[in-house]
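J.:
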Amino acid sequence: MSFLNEMLPETAEAFGQMRNSIFKDAFLDLKTKELIAVASSVLMRCQFCVDTHSQRAIVAGATKEEIAEAISVAMFVAAGSQIGWTNVYEENVYNRIFEKDKDRKEEDCCCCCED
Numbered sequence: 009m010s011f012l013n014e015m016l017p018e019t020a021e022a023f024g025q026m027r028n029s030i031f032k033d034a035f036l037d038l039k040t041k042e043l044i045a046v047a048s049s050v051l052m053r054c055q056f057c058v059d060t061h062s063q064r065a066i067v068a069g070a071t072k073e074e075i076a077e078a079i080s081v082a083m084f085v086a087a088g089s090q091i092g093w094t095n096v097y098e099e100n101v102y103n104r105i106f107e108k109d110k111d112r113k114e115e116d117c118c119c120c121c122e123d
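Given below as C-alpha cells:
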C-alpha cells in the first residue's frame, strides 16, 4: 500500500484504522475473522489476500485443515452463485435453452454468432 501512503495518506491511515478495528478479538475471535478473510479472499480472487490471511490465520491458531475448510466454503458459495443466476429471466435459463420452441431460429441469437 505504499502508493496509497504516498498519494493519499489520510485514506491509507483510515484503511489501517478500519483493519485494526476489525481484526481483533470481539464478538468473533481473531482466528475466525482470519478464516472469513481467507474465504472472502478466495471469492475476490485475490491471491495476495489469500496468502496474507492464511498466514495470519495460522498465527491466530488456525490449522491447515481449518483453512482448507474455509476455502471449501468459499468454493461452495461460488458454485451455488452460478446456479442461482440461471433464474435471472424469471424462468430457469435451462428451460429457455432446451425449450422445444420451433419458432426460434439460429439467427435469433443475441450475440455475434453469424459466420
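Positions in the sequence shown are counted from 1; adding 8 to them yields the working numbering. Glycine included, C-beta positions come from ideal geometry on N, C-alpha and C. Predicted, not measured: the structure shown is a model, and the values here were computed from it.
Put C54 into one of helix, strand or coil per three-state DSSP.
T.: Position 46 of the sequence shown, counted from the first residue, corresponds to residue 54. DSSP places C54 in coil when its eight states are reduced to three.
J.: Kindly indicate the opening and closing residues of the alpha helix (DSSP H) around L12.
T.: Within the sequence shown, the letter at position 4 stands for residue 12. 10-15 is the extent of the alpha helix (DSSP H) around L12.
J.: Contact check, V2 vs A86 under 8 Å by CB: the rounded distance?
T.: Because the chain is modelled from 9 through 123, residue 2 falls outside the range shown and cannot be assessed.
J.: Do A70 and K39 have their beta-carbon atoms positioned less than 7 Å apart in this structure?
T.: Within the sequence shown, numbered from 1, the residue matching residue 39 stands at position 31. Within the sequence shown, numbered from 1, the residue matching residue 70 stands at position 62. Result yes, Cβ atoms of K39 and A70 sit closer than 7 Å.
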